[in-house]
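Chemist: Submitted below is the structure of interest, expressed as structure tokens.
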Amino acid sequence: ITGTIFYQTKKKWYKIIVIVAAIGVSVYFFKLMQQSEILMNRLLLTRKTGDLAGRDLIWSTIIPLIKENFICGVGETGYAAFTAKTFGGATSPHNVILEVMAYTGIIGLALYLNFIVKATFQSWKALKINNFILPFLLMIPVFGVIISGQALSVKIVWAILAFAVSTVFYTNKKTVINK
391 ITGTIFYQTK KKWYKIIVIV AAIGVSVYFF KLMQQSEILM NRLLLTRKTG DLAGRDLIWS
451 TIIPLIKENF ICGVGETGYA AFTAKTFGGA TSPHNVILEV MAYTGIIGLA LYLNFIVKAT
511 FQSWKALKIN NFILPFLLMI PVFGVIISGQ ALSVKIVWAI LAFAVSTVFY TNKKTVINK
């Protein structure tokens with residue numbers, strides 16, 4: 391949807407074709423998702439009962455650990471030891487913000503969020519200055535993984551962030567050439 395909105399062309403009929411194609415693809419994938427019984431049952435259960443697949447239990451257990459070690463965190467090994475003792479094995483909170491807070495405290499979270507904000511800003515800048523939409527579009531799934539998944543250990547997330555940040559070289563070079 392975002393790619394369709396930001397798609398720029400001089401031919402208006404071409405943008406209409408892209409919008410119609412995007413709507414068609416969206417409808418196809420929505421129907422495909424509806425056919426997945428497991429996915430639909432999980433979504434309906436989440437909506438009806440507020441079930442977060444155990445995340446709420448993990449979060450309520452990890453938050454006191456974060457409060458006790460608010461400034462510097464407990465580190466990755468301290469977190470692993472805590473979850474092994476508490477849950478009987480390595481358990482992820484499935485939320486990168488909480489995970490970074492547990493590992494590094496507020497200091498590490500501030501540094502991590504600073505990096506994410508700068509990568510996002512650079513992606514936006516590449517879009518506005520050079521009409522280079524790819525880094526901005528790739529940041530969308532990165533935000534999804536940060537909020538709901540395991541962004542710290544997924545290499546493609548780090549590759550996308552590196553790509554987004556590296557557009558500063560392309561943007562600055564193009565800006566200097568245009569002046």
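The sequence shown begins at 391 in the numbering used here and counts up one residue at a time. Every residue gets a Cβ at the ideal spot worked out from N, C-alpha and C, and that includes glycine.
1) Between the segment 450–458 and the segment 411–431, do three or more beta carbon pairs fall short of 8 angstroms?
2) Smallest Cα separation from V486: which of F477, V544, I406, F420?
3) With H, G and I counted as helix, E and B as strand and the rest as coil, what does DSSP make of S538?
4) For a cutoff of 9 angstroms on Cβ pairs, would you count Q512 as touching chain C?
5) Could you tell me which uninterrupted beta strand (DSSP E) segments, each at least 3 residues in length, are contained entirely in the segment 460–508, listed from first to last along the chain?
6) Leaving aside the five residues before and after I448 along the sequence, list all residues of the same chain whose C-beta is less than 7 angstroms from its C-beta, in chain order.
7) So the alpha helix (DSSP H) F419 belongs to, where does it begin and stop?
8) Could you work out which residue in G414, S416, P531 is closest to I546 when comparing CA atoms only?
9) For N431, does the three-state DSSP call read helix, strand or coil?
10) Applying the criterion that 16 or more other CB atoms from any shown protein chain within 10 Å of the CB defines a buried residue, is I413 buried or exposed?
Modeler: Result, derived from the coordinates:
1) Too few Cβ pairs lie closer than 8 angstroms, so no.
2) Distance from the Cα of V486 is smallest, within the candidate group F477, V544, I406, F420, for V544.
3) The three-state secondary structure of S538, taken from DSSP, is helix.
4) Absence of chain C from the displayed structure is noted, only one protein chain being present.
5) none
6) Only T481, P483 meet the Cβ criterion.
7) 402–425
8) Considering only alpha carbons, the answer is P531.
9) helix
10) exposed
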